[in-house]
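Asks: Sequential numbering from 26 applies to the sequence shown in this note's numbering.
For every residue, glycine included, the Cβ atom is placed at its ideal position computed from N, Cα and C.
Treat the numbers as computed from the prediction; the structure is a model and nothing was measured.
I have a structure here, written as C-alpha cells, and I will follow up with some questions on it.
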Amino acid sequence: MKKEIVAAGFVLIVVSGLCAAPKVSKETKAKMKELSKKYEKLGYEIQKDSKTKKVYDFGGAKLVIADWWSNPNGRLTEKPKSPVEEDTNSFRQWLNYTYNMDTDQAGLGGWGSHPQTVANFCITGGDEDYVFIVDGRSISAGLKANLFWDLKKLESVDWSNKKWLPGVTEKMSKNGGVYGCAPTYHPEPKTGMFFNKRLLKEANINPESVYDMQADGTWTWETFEKLLKATTRDIDNDGVLDVFGMANVSDQFCGAAVMSNGSAFIGKDPASGKYINMLGEEATLEALNWCAQMQQSYEMPYPEGANWDWWFAAFKNGQTCFMVNAQYYCNNLEDMVDDWGYVCFPAGPRGDGKYRCGQDENTYVIPACYDKARAEKIVKMLDLWSDLVPGYSEDSWKEDYYPRFRDERAVDETLVFMAKNGKTDYANLVSGLSFSFIPNVYGGWVTPQQAYEEVRNSWDAMIKEQNK
C-alpha cells in the first residue's frame, strides 16, 4: 500500500507540470526522431514507469544538477570541446526531449560559497529541484545534520546498477542509510606523478622504463629514489645543483605517500562505520619520515620571491624531473616544451603491492527538505540523465583523456591503475581537522611523531564529535 501511495503522488506531480512543457520546433523534432532511430539500433530501451506502463513524462520539470564550476547557464548551452562531449550533449538533449524534462548540470555559486548554498537550501527548501554535487566540506556537515535524503528509501531507481560507484556508496553510508551517490561507471583518476622525459634521458635513463616498472610491479619508493638521485644534478660542475629530482606541494606528496604505504590519516571501522585517527599508525609515520628524507635530499629549494605555484613552474620549465599532482594538471602542460609522462605514485613497503591513490569522488546528494514523492521524481530524472551514451562502453571514458596526455601509456596504464585501485579518502569527512603540520614535517622542522603528539587530542575530539 505504501508503495502505491508514493507512486500515485509521483504521477500527480508529473502530470501537474504538463502545461509547463516547452514548445519544440519542427527542426528539433526531426533531429530527435533521427536520434531515436540511432539509439534504438544501438540498443537503448526507452524506460517506462512500472506503475503506469507508460514512458516517463516529467511534464517539462526543470532539474538543476548544481556544482561550483560549470557554466551557470548549463553545460548544454556550451559548444562541445571534444567528440565525447558532443555525443554526450546530443544524448542528453534527446533524453530531455524523450522524457519531457529539462535537466542540466550548471554552476550555482563559486567554490567558496557552494557549501553554504547547499546547507541553506537543504534547511530552508524552495521551489527549485536540485541535485547538489558536493565535496567533503558539505558532506561532513550534511551527514552530521541529516541534510540529505537516504537514497535507500527511494524506490524508483535500481541501485544495483554498476554506474553507482560502490566507493561513494560506502563513503556516504551512515547508520544503515546511504546519503549520496556518484552516477558514473568509473572513479575519476586523481593524484599521480608527472615526469620529464628529457631530464631522464640526460641522466641516461630510458623514460619508458618508468612505465615498465609500473607495469611489472617494481615501481616502488626504492626505485623512485634511484631516479631522484640520478636526476638531481650539477650539470656544469660548478658545485651548484642545476636540476632537481622533484618539487611538490607538501600535502599532496605526503598524502599520496601515506596512501601508498597502506595507511591513511583517517580510517573508518567497517563494523561500526565510525572514523578512526590513523595519524599515529606506524605505516603513517614511516611514510611521513620518508617524505621528509626525499624533500631534504632531492627537492628543489624554494626560490626566493617566487609565486605560490613555483613548484609547477619549476616542472614546466624543465628544472625538476618529477611532480606529484592530480591528473587534471595535464591541461596546464599543453605548451610545455619538454616531453612528459605520467605514472602512479610508487608503492610503499607496507602497501599491498597495488598503486593506491586517494579516491575523493564528487558526490551527488538530494536535499532532505523534499517530500518523498518529489525526491522520487528528482532521483529518477538523475538516473535517466546519467545513463551511458548509446554506442559507448564502460571503457569509453578514456577517449576524453587521450588528447590531454603526450602518450597513450599514461591513459591505458596509469589512469586505469588509479581508477581501479583508488581508496576512499576520509580525511575531509571530519569537520575541523587541520593539516597545517604537514609543511613542517615535510621540511624537516618537526618529526612526524612530534606532529602527531601535538594534534592527537584535538583530532580525537573532532573525530568523536563527527561520529555522534
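Are there three or more Cβ pairs, one per stretch, closer than 8 Å when the region 146-162 is compared with the region 181-200?
Replies: No, the region 146-162 is not in contact with the region 181-200.
Asks: List the DSSP bridge partners of S198.
Replies: Per DSSP, V203.
Asks: Report the start-end ranges of each alpha helix (DSSP H) in the region 361-425 that is 4 residues or longer and not cut off at the edges.
Replies: For the region 361-425, whole alpha helix (DSSP H) runs of length 4 or above, ordered along the chain, are 397-410.
Asks: Where does the unbroken alpha helix (DSSP H) through C355 begin, and where does it stop?
Replies: From DSSP, C355 is part of no alpha helix (DSSP H); its letter is neither H nor E.
Asks: Report the three-state DSSP secondary structure of W189 (helix, strand or coil).
Replies: Strand at W189.
Asks: Who are the Cβ neighbours of A46 in its own chain at under 7 Å, not counting the five residues just before and after it?
Replies: Its pLDDT being 48, under 50, A46 is placed unreliably in this model, and the value from its coordinates should be taken loosely. G84, G85 and N125.
Asks: Please tell me whether G376 and V362 are closer than 8 Å, where the distance is taken between their beta carbons.
Replies: Not closer than 8 Å, so no.
Asks: Please name the residue in T209, P295, G151 and V471 whose C-alpha comes closest to that of N186.
Replies: For N186, the nearest C-alpha among the options comes from T209.
Asks: According to DSSP, is M325 helix, strand or coil?
Replies: Reduced to three states, the DSSP call for M325 is coil.
Asks: Figure out for me which residue from A144, V49, L67 and T388 has the closest Cα to the Cα of L176.
Replies: If we check each option's Cα against that of L176, T388 comes out closest.
Asks: Taking the beta carbon of K222 as the centre, do at least 16 other beta carbons fall within 10 Å, making it buried, or is it exposed?
Replies: Buried.
Asks: In the DSSP output, what is Q130 paired with across the bridge?
Replies: DSSP output for Q130 lists I90 as bridge partner(s).
Asks: Quick check on DSSP: helix, strand or coil for P473?
Replies: The answer is helix: DSSP assigns P473 an H, G or I state.
Asks: Helix or strand or just coil, what does DSSP make of D154?
Replies: Three-state result, D154: strand.
Asks: If you drop the 5 nearest sequence neighbours on each side, which residues of the same chain put their C-beta closer than 8 Å to that of A166?
Replies: If we look at A166 and ignore the five residues flanking it on each side, its Cβ neighbours are P140, A144, L172 and S456.
Asks: Here's a check: name, in chain order, each residue in its chain whose Cβ is nearer than 8 Å to the Cβ of N356, leaving out the five neighbours to either side.
Replies: R429.
Asks: So, with DSSP's three-state summary, where would you put Y300?
Replies: Residue state, collapsed to three classes: strand.
Asks: Output the distance between the C-alpha atoms of I488 and E227, rounded to the nearest integer angstrom.
Replies: Near 49 Å, if we compare the C-alpha coordinates of E227 and I488.
Asks: Entirely within the region 426-489 and at least 3 residues each: give me those beta strand (DSSP E) ranges in chain order.
Replies: With a minimum length of 3 residues, the continuous beta strand (DSSP E) runs that stay inside the region 426-489 are 447-449.
Asks: Okay, do the region 392-404 and the region 259-271 touch, 3+ Cβ pairs below 8 Å being the bar?
Replies: Cβ pair count under 8 Å is below three, so no.
Asks: Taking buried to mean at least 16 other C-beta atoms within 10 Å of its own C-beta, is T243 buried or exposed?
Replies: Exposed, because fewer than 16 other Cβ atoms sit within 10 Å of the Cβ of T243.
Asks: For the candidate residues D261, R399 and A312, whose alpha-carbon lies nearest to that of E153?
Replies: Per the Cα distances, R399.
Asks: Secondary structure at T216, three-state DSSP: helix, strand or coil?
Replies: Here T216 sits in strand by DSSP.
Asks: Hey, would you say P371 sits closer than 8 Å to T248, going by beta carbons?
Replies: Against a cut-off of 8 Å, the Cβ pair of T248 and P371 comes out as a contact.
Asks: In the structure shown, what three-state DSSP assignment does F278 receive?
Replies: In the structure shown, F278 sits in a helix (DSSP, three-state: H, G or I).
Asks: Start and end of the alpha helix (DSSP H) containing G167?
Replies: Run containing G167: G161 to A170, per the alpha helix (DSSP H) assignment.
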